[in-house]
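*Asks:* Below are the structure tokens for one structure; questions will follow.
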Amino acid sequence: MEIPLFDWLNLLLRWLHVVAAIAWIGASFYFVWLDNSLEPPDTEGKAKGLAGELWAFHGGGIYQVGKYRLAPPAMPTTLHWFKWEAYTTWISGALLMVLIYYGRADLFLWQQGKWLASPAQAVAASLVFIAGGLLVYELLFHFLRAQRQRLFTALLVLSIAAACWLATRLFSDRAAFLQLGALLATIMAGNVLLGIIPAQKHFIRALDAGEEPAAAPMLAAKSRSVHNNYFTLPVVFCMLSNHYPFLYGHRFNWLALIAIVALGAYVRHFFNLRHRGQLKFHIPLLAASGCLLLALGLASTPTPAVGPEVAATKPMPLVEKHCTGCHSIAPTQPGFSAAPAGLVLDDMQQVLAAKDRILPALRSGYMPLGNITGMSKEERQELIGSLEGKTLAGN
3 MEIPLFDWLN
13 LLLRWLHVVA
23 AIAWIGASFY
33 FVWLDNSLEP
43 PDTEGKAKGL
53 AGELWAFHGG
63 GIYQVGKYRL
73 APPAMPTTLH
83 WFKWEAYTTW
93 ISGALLMVLI
103 YYGRADLFLW
113 QQGKWLASPA
123 QAVAASLVFI
133 AGGLLVYELL
143 FHFLRAQRQR
153 LFTALLVLSI
163 AAACWLATRL
173 FSDRAAFLQL
183 GALLATIMAG
193 NVLLGIIPAQ
203 KHFIRALDAG
213 EEPAAAPMLA
223 AKSRSVHNNY
233 FTLPVVFCML
243 SNHYPFLYGH
253 RFNWLALIAI
263 VALGAYVRHF
273 FNLRHRGQLK
283 FHIPLLAASG
293 CLLLALGLAS
303 TPTPAVGPEV
313 AATKPMPLVE
323 KHCTGCHSIA
333 PTQPGFSAAP
343 AGLVLDDMQQ
353 VLAAKDRILP
363 ALRSGYMPLG
373 NITGMSKEER
383 QELIGSLEGK
393 TLAGN
């Protein structure tokens with residue numbers, strides 16, 4: 003009996019990653035909502051040293067939540083910290099990256115026609131891309147965030163836009179969006195590890211020593227927490243982006259990525275303002291309009307043909323040569339025990355049913371993965387032409 007260990011490891015790591023990410027994002031959403039929803043305390047609350055309080059009704063009871071200006075008169079026996087959600091999400095995501103995108107870089111990370119000459123270079127570039135992005139963020143945060151907030155924000159936005167463009171030049175189309183998501187997630191985890199938790203530990207140490215904690219580290223930690231909150235929706239999109247080849251396979255994929263990251267952060271801004279009692283309904287309307295304009299813009303600039311037009315032919319011989327090694331009910335390509343994304347192309351009926359999914363991947367050059375089958379430009383255009391032809395019947 004053969005046990006597909008790779009597939010089981012992939013499943014368990016992905017499951018852990020998703021569960022941890024839900025916990026992390028949920029905590030981020032909750033605490034930003036909580037801070038934005040706190041109301042001035044009553045006389046009794048002020049006497050206790052509260053900066054704000056909130057009453058809430060959830061599940062089976064009524065909750066009272068209070069936030070102290072500094073700390074309670076006596077520290078509680080149990081104080082809950084929020085860090086392992088972030089660490090577990092990042093560690094499980096890193097293991098998935100190594101398992102899938104680094105372990106099979108020739109299929110998933112590297113692509114002919116990009117700037118990198120080999121799968122090994124793609125792995126090295128991925129590590130530099132993520133580490134370099136984290137370094138840029140930390141330098142901007144340390145040297146500009148407190149003194150030049152607007153300049154910090156402008157440079158951060160420009161840096162993320164540049165990273166969107168660079169990722170699409172270095173990595174395979176499908177991996178590019180994920181690399182941007184990995185970079186943002188690493189910045190988020192770095193905010194917890196390098197800023198938020200150290201500031202909280204410094205705060206507790208000062209209280210234990212009978213000193214008044216410095217305000218600057220906690221203000222910086224608050225800023226990092228807010229940044230993480232705005233990154234959440236863009237990261238979630240990046241992690242799901244491999245389901246949308248019409249986006250990552252487009253020749254202007256970098257512009258699409260910039261637009262969706264910006265729209266995701268903008269939608270998050272609407273909810274943050276709403277929690278403060280500010281209803282800005284023009285924000286979701288503008289975000290929806292931006293999404294519509296993006297769809298129209300991408301549709302009006304299709305990926306150009308890779309060669310001269312050819313007459314419609316029967317596609318199955320080329321599909322069998324370049325596709326069914328992976329996309330089959332019984333794949334023969336090493337490393338695949340099932341068809342990727344459940345896309346089976348064993349017969350003409352299945353090919354025709356999946357035509358709208360196949361064409362974007364062919365036009366972008368992303369498929370076959372890493373061009374492992376050696377598909378020529380002529381074969382690619384022949385297959386595209388046959389799938390676009392009007393006389394597709396039979397094999």
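Residue 103 in our numbering sits at position 101 of the sequence shown, and the numbers go up by one each step.
For each residue, glycine too, the CB sits at the ideal point set by N, CA and C.
Can you list, in chain order, the residues of its chain whose CB lies under 7 Å from that of Leu40, leaving out five sequence neighbours each side?
*Replies:* Cβ neighbours of Leu40 beyond the five flanking positions: Gly54, Glu55, Leu56, Lys69.
*Asks:* Would you kindly check if the distance between the Cβ of Gly266 and the Cβ of Ser239 is under 9 Å?
*Replies:* The displayed chain sequence assigns Phe, not Ser, to residue 239. Result yes, Cβ atoms of Phe239 and Gly266 sit closer than 9 Å.
*Asks:* Just mark Lys48 as buried or exposed, buried being the case when its beta carbon has 16 or more other beta carbons within 10 Å.
*Replies:* Classification for Lys48: exposed.
*Asks:* With DSSP run on the structure shown, which of helix, strand or coil describes Tyr148?
*Replies:* Sequence check: residue 148 is Ala here, not Tyr. Correct three-state label for Ala148: coil.
*Asks:* Going by beta-carbon coordinates alone, are Leu300 and Phe248 separated by less than 9 Å?
*Replies:* Yes, the Cβ-Cβ distance between Leu300 and Phe248 is below 9 Å.
*Asks:* Identify whether Thr55 lies in helix, strand or coil by the three-state DSSP scheme.
*Replies:* Note on residue identity: the sequence assigns Glu, not Thr, to residue 55. It is a strand residue.
*Asks:* Who are Gln66's beta bridge partners in DSSP?
*Replies:* Answer is Trp57.
*Asks:* Do the CB positions of Leu182 and Leu259 come within less than 9 Å of each other?
*Replies:* Cβ atoms of Leu182 and Leu259: closer than 9 Å.
*Asks:* Whole angstroms is fine: what's the gap from Ser227's alpha carbon to Lys357's?
*Replies:* In a straight line, the C-alpha of Ser227 is about 44 Å away from that of Lys357.
*Asks:* Count the CB pairs spanning the region 86-94 and the region 15-29 that are closer than 8 Å, and state whether there are at least three.
*Replies:* Touching, per the Cβ criterion.
*Asks:* Taking a contact to mean a Cβ-Cβ separation below 9 Å, would you say Ser120 touches Leu371 in this structure?
*Replies:* Not a contact, by the Cβ cut-off of 9 Å.
*Asks:* DSSP on Glu464, reduced to helix/strand/coil?
*Replies:* With the chain represented from 3 up to 397, any question about residue 464 goes unanswered, as that position is not in the structure.
*Asks:* Counting only the same chain and skipping the five closest in sequence on each side, list residues whose C-beta sits under 8 Å from that of Ile102.
*Replies:* Result list for Ile102: Asn12, Phe110, in chain order.
*Asks:* What residue from Glu140, Tyr104, Lys116 has the CA that sits closest to Val125's CA?
*Replies:* Looking at the Cα atoms, Tyr104 is the closest of the given residues.
*Asks:* Please look up how many angstroms separate the CB atoms of Ile360 and Asp348, rounded, as I've assumed it's under 8 Å.
*Replies:* Not confirmed; about 14 Å, so no contact.
*Asks:* State buried or exposed for His245, treating a residue as buried only when at least 16 other CB atoms are found within 10 Å of its CB.
*Replies:* The residue is exposed, with fewer than 16 neighbouring Cβ atoms inside 10 Å.
*Asks:* Leaving out five residues on either side along the sequence, give the residues of the same chain with a beta carbon under 8 Å from the beta carbon of Pro310.
*Replies:* Reliability fails at Pro310, whose pLDDT of 49 lies under 50, so the model's placement of it is uncertain and the value that follows must be treated cautiously. Contacts found: Gln383.
*Asks:* What residue does the alpha helix (DSSP H) around Cys328 start on, and which one ends it?
*Replies:* No alpha helix (DSSP H) holds Cys328; DSSP gives it neither H nor E.
*Asks:* Across the region 201-215 and the region 128-141, are there enough close Cβ pairs to call them in contact, namely three or more that are closer than 8 Å?
*Replies:* No contact exists between the region 201-215 and the region 128-141.
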